[in-house]
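In this note's numbering, the protein residues as written are 18 to 142.
This is the structure we're talking about:
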């Protein structure tokens, strides 16, 4: 997914509906390790989410998702601010700025997942 050592390439999707995704993926060729930028993550299909799970780890969104699907780190494009340059179906972000935001989210996701596991284990006792 990386464009240069200093930049990270994001592949842009309007939404995560299956038909939209299939059409866009003909030229985006989303594969393992890619990072996607989604305008409207609230329009989605289970089929698209399942396809992306295990391939895409990070979803950058323009519109806040009502549901955050397990297995993805969600980052608001506003957190990346002026660092992001969008061109057609792609966007570029400064790698250092992106890595800093990603690190914060990864730590937060881990804390939430650990808490959920503890709660689940506590309920089973």
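Here a beta-carbon is modelled for each residue, glycine too, at the ideal position from N, C-alpha and C.
Give every residue of the same chain whose Cβ lies closer than 7 Å to the Cβ of residue i, excluding the five residues on either side of it in the sequence, and list them in chain order.
i: residue 100; result: 110, 111, 114
i: residue 61; result: 32, 33, 34
i: residue 70; result: 88
Can you tell which of the options has its C-alpha closest to the C-alpha of residue i?
i: residue 48; options: 139, 108, 27; result: 27
i: residue 42; options: 89, 65, 92; result: 65
i: residue 120; options: 74, 36, 56, 59; result: 74
i: residue 118; options: 132, 76, 36; result: 76
i: residue 85; options: 24, 126, 39, 95; result: 126
i: residue 103; options: 56, 39, 22; result: 56
i: residue 98; options: 78, 67, 39; result: 78
Is the CB-CB distance between residue i and residue j below 9 Å?
i: residue 45; j: residue 108; result: no
Can a CB atom of chain E be found closer than 9 Å to the CB of residue i?
i: residue 70; result: As a matter of chain content, chain E is missing from the structure shown, which is built from one protein chain.
Counting only the same chain and skipping the five closest in sequence on each side, list residues whose C-beta sits under 6 Å from that of residue i.
i: residue 122; result: 90, 92
i: residue 23; result: 112
i: residue 38; result: 65
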